[in-house]
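Each residue of the sequence shown is one higher than the last, beginning at 183 in this note's numbering. Since the structure comes first, as structure tokens, the remarks are kept for the end.
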Amino acid sequence: MLRDEEESWPVSASLDLFRDHWVMALRADTVHRPGHPDAAFRRLVLEHPGAVVVLAIDEQGRVPVLHQYRHPARRRLVELPAGLLDQAGEDPLRTAQRELWEEAGLQAQRWEHLITTYASPGITDERHIVYLATELTPVDRGDIELDHEEDDMTLSWVGLGELRRAVLAGEVQNAGLVIAVLAHALRSSVSPTL
183 MLRDEEESWP VSASLDLFRD HWVMALRADT VHRPGHPDAA FRRLVLEHPG AVVVLAIDEQ
243 GRVPVLHQYR HPARRRLVEL PAGLLDQAGE DPLRTAQREL WEEAGLQAQR WEHLITTYAS
303 PGITDERHIV YLATELTPVD RGDIELDHEE DDMTLSWVGL GELRRAVLAG EVQNAGLVIA
363 VLAHALRSSV SPTL
């Protein structure tokens with residue numbers, strides 16, 4: 183069976199290059215390939231708690247999308263509701279439910295795991311756990327206070343077909359959105375017995 187396997191090579195030294203109170207850190211590891219004790223090499227590792235991404239689809243086939251400025255990319259990206267797995271011990275599904283409520287003012291009756299991916303495994307341990315949420319209802323967001331880029335974030339609704347077209351045309355490039363839309367399209371077209 184074709185599958186990724188758990189494996190961990192020996193690390194003889196690890197040096198924190200950056201670490202503070204926020205969610206990510208950068209370290210340098212000295213790694214040894216098994217069976218080759220004299221062949222040590224250095225790898226930089228960006229530690230990241232991972233994130234959830236929510237593809238929410240309503241009864242009319244529309245998807246709530248967020249328009250948010252992302253400084254590292256220097257772009258306002260079209261994104262799906264998403265958030266960091268930064269609360270210790272919290273179930274990723276619970277994080278996804280909270281993010282859909284906080285960012286889109288929605289709750290869903292049905293939740294399904296779509297796919298899990300590693301963002302860039304040569305550099306970071308960051309995983310994205312992608313969920314499909316359906317049977318949506320609006321809910322009051324209460325007194326949630328957004329700040330920084332999130333305070334400037336806007337929400338709109340787009341048809342799933344239009345979102346797929348924008349993905350395939352390269353007009354939207356947020357990895358979580360692209361992966362969620364393509365995974366959903368493939369799952370919708372493939373027999374569940376495969």
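Where a beta carbon is used, it is the ideal one built from N, C-alpha and C, also for glycine.
Worksheet entry | Three-state secondary structure (DSSP) of residue 233 | Strand, per DSSP.
Practice prompt. Flag this pair as yes or no: are the beta carbons of residue 363 and residue 208 separated by less than 8 angstroms?
Written response: Cβ atoms of residue 363 and residue 208: not closer than 8 angstroms.
Worksheet item: Between the beta-carbon of residue 279 and the beta-carbon of residue 319, is there less than 8 angstroms?
Response: Taking 8 angstroms as the cut-off, the beta carbon of residue 279 is found no closer than this to the beta carbon of residue 319.
Worksheet entry | Beta-bridge partners of residue 246, as assigned by DSSP | Note: residue 246 sits in a beta bridge opposite 339.
Practice prompt. Out of 189, 192, 228, point me to the one whose CA is closest to residue 201's CA.
Written response: Its Cα nearest to that of residue 201, the residue 228 stands out among 189, 192, 228.
Fill in: residue 185 versus residue 324: straight-line alpha-carbon distance, rounded
CA-to-CA, the gap between residue 185 and residue 324 works out to about 43 angstroms.
Practice prompt. Using the Cα positions of residue 197 and residue 224, report the straight-line distance between them to the nearest angstrom.
Written response: Cα-Cα distance, rounded: 10 angstroms.
Discussion item. Quick check on the burial criterion: 16 or more other C-beta atoms within 10 angstroms. Buried or exposed for residue 269?
Written reply: Classification of residue 269: exposed, given that the 10 Å Cβ count is below 16.
Worksheet entry | residue 194 CB to nearest heavy atom of the ligand MG below 7 angstroms | The ligand content of the structure shown is nil, which means the ligand MG is not present either.
Worksheet item: Closest by CA to residue 354, which one among 248, 212, 233?
Response: Nearest C-alpha to residue 354: 248.
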